[in-house]
Amino acid sequence: MRQSAILFVFLLVACKDQRDQRLLEKEENIKNFYASQLKKQVPENDIIVILQNQQCVACRRDIFSSLYKLLAKSDLQKTFIMAVRDTVLLSLIRNLPNSSIEFDTTHKLESYGLDYGADLCLLMKDGRVKKWFELSNVNLENMHSIE
Amino acid sequence: MKQNFLLIWIVFVVFSCHSIQNENETRRRSPSVSKFEDTIKFPVKQKFVEYSYFETDSNEWLSYLSSGYIYILDLGNKKIVDSIDVSLDSIAAKKYGEISSFCFSGRDSLFVLFNEAVVFWVDKKVNKIIPINELDSAQYTTFRFQDLEDVPIYYDRTAQAVVGEVYCSDCWQTEPAFYSQSIIGSISIHSGRIKLFDISYPKKYLKNYYGFDMKPYAETDDSITLVAYPCGDMVSILNRNSNTASSFPARSIFQTEDAQPLTPLSDSGSVEQKMRHMAVQPYYSEIRFDRARQLYYRFFRKAIPLKNKDGTYNNFFNKGLVLMVLNSQHDVIGEYELPKYYNSYVSFVGKSGLYIYDVSPNPEYKNLTVFHVLTFK
Numbered sequence: 147m148r149q150s151a152i153l154f155v156f157l158l159v160a161c162k163d164q165r166d167q168r169l170l171e172k173e174e175n176i177k178n179f180y181a182s183q184l185k186k187q188v189p190e191n192d193i194i195v196i197l198q199n200q201q202c203v204a205c206r207r208d209i210f211s212s213l214y215k216l217l218a219k220s221d222l223q224k225t226f227i228m229a230v231r232d233t234v235l236l237s238l239i240r241n242l243p244n245s246s247i248e249f250d251t252t253h254k255l256e257s258y259g260l261d262y263g264a265d266l267c268l269l270m271k272d273g274r275v276k277k278w279f280e281l282s283n284v285n286l287e288n289m290h291s292i293e
Numbered sequence: 035m036k037q038n039f040l041l042i043w044i045v046f047v048v049f050s051c052h053s054i055q056n057e058n059e060t061r062r063r064s065p066s067v068s069k070f071e072d073t074i075k076f077p078v079k080q081k082f083v084e085y086s087y088f089e090t091d092s093n094e095w096l097s098y099l100s101s102g103y104i105y106i107l108d109l110g111n112k113k114i115v116d117s118i119d120v121s122l123d124s125i126a127a128k129k130y131g132e133i134s135s136f137c138f139s140g141r142d143s144l145f146v147l148f149n150e151a152v153v154f155w156v157d158k159k160v161n162k163i164i165p166i167n168e169l170d171s172a173q174y175t176t177f178r179f180q181d182l183e184d185v186p187i188y189y190d191r192t193a194q195a196v197v198g199e200v201y202c203s204d205c206w207q208t209e210p211a212f213y214s215q216s217i218i219g220s221i222s223i224h225s226g227r228i229k230l231f232d233i234s235y236p237k238k239y240l241k242n243y244y245g246f247d248m249k250p251y252a253e254t255d256d257s258i259t260l261v262a263y264p265c266g267d268m269v270s271i272l273n274r275n276s277n278t279a280s281s282f283p284a285r286s287i288f289q290t291e292d293a294q295p296l297t298p299l300s301d302s303g304s305v306e307q308k309m310r311h312m313a314v315q316p317y318y319s320e321i322r323f324d325r326a327r328q329l330y331y332r333f334f335r336k337a338i339p340l341k342n343k344d345g346t347y348n349n350f351f352n353k354g355l356v357l358m359v360l361n362s363q364h365d366v367i368g369e370y371e372l373p374k375y376y377n378s379y380v381s382f383v384g385k386s387g388l389y390i391y392d393v394s395p396n397p398e399y400k401n402l403t404v405f406h407v408l409t410f411k
């Protein structure tokens, strides 16, 4: 019984540790990208959306539509980081309250571990990454709020 | 007497093991053959998302898909000599989906694989449409015929069938069932019947999950289909006439460690984790067969760390590219490190040798299509 409890605690700590490591890594990634490429500090309390996967905007319309609805519910400032100046996305984003856009014109997101084929959403709280996730139908399906 | 038997038995076992080990060990011949290289420039800039090389008695051609047309580039005089409209009207386009692969059989016969049909053009006119996948659920019960990326279709003149990739549409890619099913099939152009061949993934794919490092690479030539896997040292040869598969070892000397599975399995839902895994692991990609010279070419991408010393991250395209050359006895007769801007995805065997597309950002190549043509002696 005691051994099982120890094992359970160990597994819990191990899993937590892994999750935290990924969170910390992503925090380091976004901070480094802001400092080195955008020459500014990462926003303190923001939702950062990285849209680097713009190869086929039309086929990702559903995902973006779901995300847009979630973002519209939030009063937080939203920052979009885009690799390409896509006119369809730009007009949609500009209609979203409290939103701004940054461009990764030199395609440096990948050097900072922020471009591995999936669009990302990061929730910043007090200058730290509180949570992050890949933008996919599965991840957005049951989400009622980003915060 | 008993001791003698024991001794003989031990010797037998040792020799047996030795022979098993040799079967799985890549054979190498030294000294390596010399590599010769030529550069060919075409005065137009092309994007080769879907392409197909073919030759006729007198000429050789490179065809590629662009905006609903298949263009035919004459490799000899470096000019686009023809184009075929393969766009469908809106109703047919909705029904049959998008093009994932195409191939020629001579200049007049064109086979195009859509999501839900194989369409056969003769002299630029649609001659036959064979519904497949969702449109033929009686045949395609638990699998689909599709080029997921690196198994282009091929028209087998003898069997009069289109050969291509099949995969289980009823299985999760994290489950062994996905990897235990046939991966090559052919569709008869007359009856529309599909035949599945006795070839599936190597056993290691049934034991562990390798994320994106699972898509097969294949090349079909005559009655033979060569199949290679990103994490597999072995190359499979499917003889479609006899429906038998064999394999030979072809491990690169630049592979210092075995490919590791993607763990934990919960990462299977993360594109990022799968892309990172793909970036760092040793990875075998395209396989090519040079019938005229009786050579096999296999591309390998080296394992690299996720992060560099300066803290920047690597991706798949930062992996060092290696070309392995094997002779008809499957001995490696040379391995060559190639520049990273050689795009092995757009590579094919022509009359002059192995063509590899150049994607370097060289400003001189801004308005040119550049291929490097490699030969070995």
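Chains as they are written, first to last, in the working numbering: chain H, 147 to 293; chain F, 35 to 411. Glycine included, C-beta positions come from ideal geometry on N, C-alpha and C. A quick note: this is a predicted structure, and the numbers were derived from the prediction, not measured.
Query, Result
"Report all residues from its chain with a CB closer than 7 Å to the CB of Ile118 (chain F); omit the five preceding and five following residues, and keep chain order.", "Tyr103, Ile104, Leu144, Trp155 and Lys158"
"Report the residue ranges of all beta strand (DSSP E) runs contained in full by the segment 231-286 of chain H; include only those spanning at least 3 residues, in chain order.", "245-249, 266-271 and 274-280"
"Residues in the same chain with beta-carbon distance under 6 Å from Cys205 (chain F), minus the five sequence neighbours each way, listed in chain order, please.", "Ala211 and Phe212"
"Quickly, what does DSSP pair Tyr347 (chain F) with across the bridge? List them, please.", "F:Lys341"
"At what residues does the beta strand (DSSP E) containing His224 (chain F) begin and finish?", "Neither: His224 (chain F) is in no beta strand (DSSP E) and is coded neither H nor E."
"Please compile the residues from chain F whose C-beta is within a distance smaller than 7 Å of the C-beta of Glu173 (chain H).", "Within chain F, no residue comes near Glu173 (chain H); the closest Cβ sits about 14 Å away, beyond 7 Å."
"Measuring alpha carbon to alpha carbon, tell me which of F:Ala252, F:Met248 and F:Thr409 ends up nearest Pro264 (chain F).", "F:Met248"
"So, for Asp142 (chain F): in the same chain, excluding its five sequence neighbours on each side, which residues have a beta-carbon less than 8 Å away from its beta-carbon?", "Val156 and Asp157"
"Rounded to a whole number of angstroms, what is the C-alpha to C-alpha distance between Val393 (chain F) and Pro65 (chain F)?", "31 Å"
"Distance check for Asp181 (chain F) and Ser245 (chain H), CA to CA, integer angstroms please.", "41 Å"
"Along chain H, in chain order, which residues have C-beta atoms closer than 7 Å to that of Tyr417 (chain F)?", "Any question about residue 417 (chain F) goes unanswered here, given that chain F covers just 35 to 411."
"Considering only DSSP beta bridges, list what Ala193 (chain F) is partnered with.", "Answer by DSSP bridge pairing: none, since Ala193 (chain F) is not bridged."
"Leaving out the 5 sequence neighbours to the left and right, which residues in its chain are closer than 8 Å to Val160 (chain F) when beta-carbon positions are compared?", "Val153 and Phe154"
"Taking 8 Å as the threshold, find out whether the segment 264-282 of chain H comes into contact with the segment 297-310 of chain F through three or more Cβ pairs.", "yes"
"How should Phe70 (chain F) be labelled, buried or exposed, when 16 other C-beta atoms within 10 angstroms of its C-beta is the threshold for buried?", "exposed"
"Please go through the segment 349-383 of chain F and give each complete beta strand (DSSP E) segment of 3 or more residues, from N-terminal end onward.", "355-361 and 366-372"
"What would DSSP say about Pro395 (chain F), mapped onto helix, strand or coil?", "coil"
"Is Pro210 (chain F) helix, strand or coil when you go by DSSP?", "helix"
"Taking any Cβ of chain H, which residues in the segment 298-320 of chain F have a Cβ under 7 Å from it, in chain order?", "Gly303, Ser304, Val305, Glu306, Met309 and Arg310"
"Mind checking which residues open and close the beta strand (DSSP E) that includes Tyr317 (chain F)?", "Tyr317 to Asp324"
"In the DSSP assignment, find the alpha helix (DSSP H) that holds Val153 (chain F) and state where it starts and stops.", "It is not in any alpha helix (DSSP H) - Val153 (chain F) instead sits in the beta strand (DSSP E) that spans Ala151 to Val156."
"Please decide whether Glu293 (chain H) counts as near chain F, where near means a Cβ-Cβ distance under 7 Å.", "no"
"Quick one: measure Cβ to Cβ for Phe177 (chain F) and Gln215 (chain F), integer angstroms, because I've assumed they're closer than 8 Å.", "7 Å"
"According to the neighbour-count rule (16 or more other Cβ atoms, all chains shown, within 10 Å of its Cβ), is Val261 (chain F) buried or exposed?", "buried"
"Find out if the Cβ-Cβ distance for the pair Ile218 (chain F), Thr259 (chain F) is shorter than 7 Å.", "yes"
"Between the segment 346-361 of chain F and chain H, which residues of the former have CB atoms less than 7 Å from a CB of the latter, in chain order?", "Thr346, Tyr347 and Asn349"
"Can you list, in chain order, the residues of its chain whose CB lies under 8 Å from that of Asp272 (chain H), leaving out five sequence neighbours each side?", "Glu190 and Asn191"
"For the candidate residues H:Pro243, H:Ile239, H:Asn288 and H:Glu287, whose alpha-carbon lies nearest to that of Ile196 (chain H)?", "H:Ile239"
"Could you say which of F:Asn277, F:Glu369, F:Glu199 and F:Tyr244 lies nearest to Ile287 (chain F) if we only look at CA atoms?", "F:Glu369"
"Would the beta-carbon of Ala229 (chain H) fall within 7 Å of that of Gln183 (chain H)?", "no"
"Per the contact definition of three or more C-beta pairs closer than 8 Å, is the segment 336-343 of chain F in contact with the segment 308-318 of chain F?", "yes"
"Going by Cα to Cα distance, which pick from F:Lys237, F:Ser281 and F:Arg310 is closest to Ala264 (chain H)?", "F:Arg310"
"Could you give the distance in angstroms between the alpha-carbon of Ser220 (chain H) and the alpha-carbon of Asn241 (chain H)?", "14 Å"
"Can you tell me which of the three DSSP states Leu240 (chain F) falls into?", "helix"
"Around the C-beta of Glu291 (chain F), are 16 or more other C-beta atoms found within 10 angstroms, so that it is buried, or is it exposed?", "exposed"
"Let me know if Ile133 (chain F) comes out buried or exposed under the rule of 16 or more other beta-carbons within 10 Å of its beta-carbon.", "buried"
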